[in-house]
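Data block below; observations after.
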Amino acid sequence: STSQITLPVFFANQ
Amino acid sequence: MFEARLVQGALLKKVLESIKDLLNEATWECAATGISLQAMDSSHVSLVALNLRSDGFDKYRCDRNVSLGMNLTNMAKIMKCASNDDVITIKAQDDADTVTFVFETPNQEKISDYEMKLMNLDTEHLGIPDTDYSCIVKMPSVEFQRICRDLSQIGDSVVISCTKEGVKFSAAGDLGTGNVKLAQNANVDKEEEAVVIEMQEPVSLTFACRYLNSFTKATPLAPQVQLSMSSDVPLVVEYKLEDMGYVRYYLAPKIED
Numbered sequence: 017s018t019s020q021i022t023l024p025v026f027f028a029n030q
Numbered sequence: 047m048f049e050a051r052l053v054q055g056a057l058l059k060k061v062l063e064s065i066k067d068l069l070n071e072a073t074w075e076c077a078a079t080g081i082s083l084q085a086m087d088s089s090h091v092s093l094v095a096l097n098l099r100s101d102g103f104d105k106y107r108c109d110r111n112v113s114l115g116m117n118l119t120n121m122a123k124i125m126k127c128a129s130n131d132d133v134i135t136i137k138a139q140d141d142a143d144t145v146t147f148v149f150e151t152p153n154q155e156k157i158s159d160y161e162m163k164l165m166n167l168d169t170e171h172l173g174i175p176d177t178d179y180s181c182i183v184k185m186p187s188v189e190f191q192r193i194c195r196d197l198s199q200i201g202d203s204v205v206i207s208c209t210k211e212g213v214k215f216s217a218a219g220d221l222g223t224g225n226v227k228l229a230q231n232a233n234v235d236k237e238e239e240a241v242v243i244e245m246q247e248p249v250s251l252t253f254a255c256r257y258l259n260s261f262t263k264a265t266p267l268a269p270q271v272q273l274s275m276s277s278d279v280p281l282v283v284e285y286k287l288e289d290m291g292y293v294r295y296y297l298a299p300k301i302e303d
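Quick mapping for you: the protein sequence lines, in order, are chains A and B.
Following the numbering used here, the numbering of the first sequence begins with 17 at its first residue and continues without gaps.
Following the numbering used here, the numbering of the second sequence begins with 47 at its first residue and continues without gaps.
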């Protein structure tokens, strides 16, 4: 099965 | 003083329809170059980034940058009061706590104005790095909408696999499986019907259907949609607005446990 990851894992907060 | 007038007011109605599924509220950043917006959905899985260039408006004035934080559900209620052929003007004073929408019929015989309260939103701004994507698929936006709708009947996730030959969308669930394959097809009569694939290396990624379906609310904005993919990075789904800018969606992939 798969699990959802979130965007802040990839994009840094500015 | 900020003022932006759009003769083709229906475009603004469509832009709002394309984001209000994902976002309850967002800040419209108004600058001399145009209007932009960047916001994540409440679960931080997807992000909307849109840009409406100032030269795409029929009249545009922005003396200093203004941030207009809006409840998009309320904005949508007001936008529903505009007819599709109305001219729409957005106005705000510097440091104002309200925004005004003016709707004019093409013959100028009916002019409506609606003032809406603004919100102070804590906006998180994410830095999105420039990425060379392994696969870029351009395809008819209506086709993408249809595939997302069809496969969401089968399962909660869609696997998008892209090779030089074509792109395959797959879903699996309790009832069984479904696959839709599209071959590269640049030799069509109409440019907007083409399926074009630029591939550096093949990719296969899994995404949640419900976000993809929300993105397809932008279908009326553009005849073609562009999907940009690389292994283990977010998908970019882009709708280009003719002579105006773009609406882009980013979606984090699902990963194997």
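Note that the Cβ used here is the ideal one computed from N, Cα and C, for glycine as well.
What you are looking at is a predicted structure, and each value in this text was computed from that prediction instead of being measured.
What would DSSP say about Cys108 of chain B, mapped onto helix, strand or coil?
Strand, per DSSP.
Taking the alpha carbon of Pro266 of chain B as the reference point, which residue from B:Glu63, B:Gly55 and B:Ala50 has its own alpha carbon closest?
The candidate whose alpha carbon is nearest that of Pro266 of chain B is B:Glu63.
Using a beta-carbon distance below 8 Å, is Lys286 of chain B in contact with chain A?
Against chain A, the CB of Lys286 of chain B has no partner CB under 8 Å away; the residue lies outside that interface.
Proximal residues to Lys105 of chain B (C-beta, below 8 Å), its chain only, five neighbours per side dropped
Spatial neighbours of Lys105 of chain B in its own chain (CB-CB distance under 8 Å, excluding positions within 5 residues in sequence) are listed in chain order as Glu49, Ala50, Arg51 and Thr135.
Just to make sure I have the definition right: I need the residues of chain A whose C-beta is within less than 7 Å of the C-beta of Arg302 of chain B. Which are they?
For the sequence presented, residue 302 of chain B should be read as Glu rather than Arg. Within 7 Å Cβ-Cβ: Thr18.
Quick check: what's the CA-CA separation for Met290 of chain B versus Leu273 of chain B?
Using only the alpha carbons, I get a separation of about 20 Å.
Use the C-beta contact count for Gly102 of chain B: other C-beta atoms within 10 angstroms, 16 or more gives buried, fewer gives exposed.
Answer is buried; the Cβ neighbour count reaches 16.
I'd like to know whether the C-beta of Ala254 of chain B is nearer than 8 Å to at least one C-beta of chain A.
Chain A places a beta carbon closer than 8 Å to that of Ala254 of chain B, counting this residue as a contact.
In three-state DSSP terms, what is Gln270 of chain B?
The three-state reading of DSSP puts Gln270 of chain B in strand, counting E and B together.
Since Phe190 of chain B is in the alpha helix (DSSP H), which residue starts that stretch and which ends it?
Segment Ser187 to Leu197, the alpha helix (DSSP H) holding Phe190 of chain B.
Which residues, in order along the stretch 143-171 of chain B, keep a beta-carbon less than 8 Å from a beta-carbon of chain A?
Going along the stretch 143-171 of chain B in chain order, one finds Glu170 and His171 with a Cβ nearer than 8 Å to chain A.
Please report the residue range of the alpha helix (DSSP H) in which Val241 of chain B lies.
Note, Val241 of chain B: premise wrong, no alpha helix (DSSP H); not H, not E.
Between Thr144 of chain B and the rest of its own chain, which residues show a CB-CB distance below 8 Å, the 5 nearest in sequence each way excluded?
By the criterion of a C-beta distance shorter than 8 Å, Thr144 of chain B is surrounded in its chain by Ala138, Glu161, Met162, Lys163 and Leu164, once the five residues flanking it on both sides are discounted.
Supposed contact pair Ile174 of chain B and Leu118 of chain B - C-beta distance, whole angstroms, cut 8 Å
About 21 Å separates the beta carbons of Leu118 of chain B and Ile174 of chain B, which is beyond the 8 Å limit, so they are not a contact pair.
Short CB-CB distance (under 8 Å) between Leu93 of chain B and chain A
Answer yes: the Cβ-Cβ gap between Leu93 of chain B and chain A drops below 8 Å somewhere.
Quick check on the DSSP output: the alpha helix (DSSP H) that includes Asn259 of chain B runs from which residue to which?
Cys255 to Phe261 is the extent of the alpha helix (DSSP H) around Asn259 of chain B.
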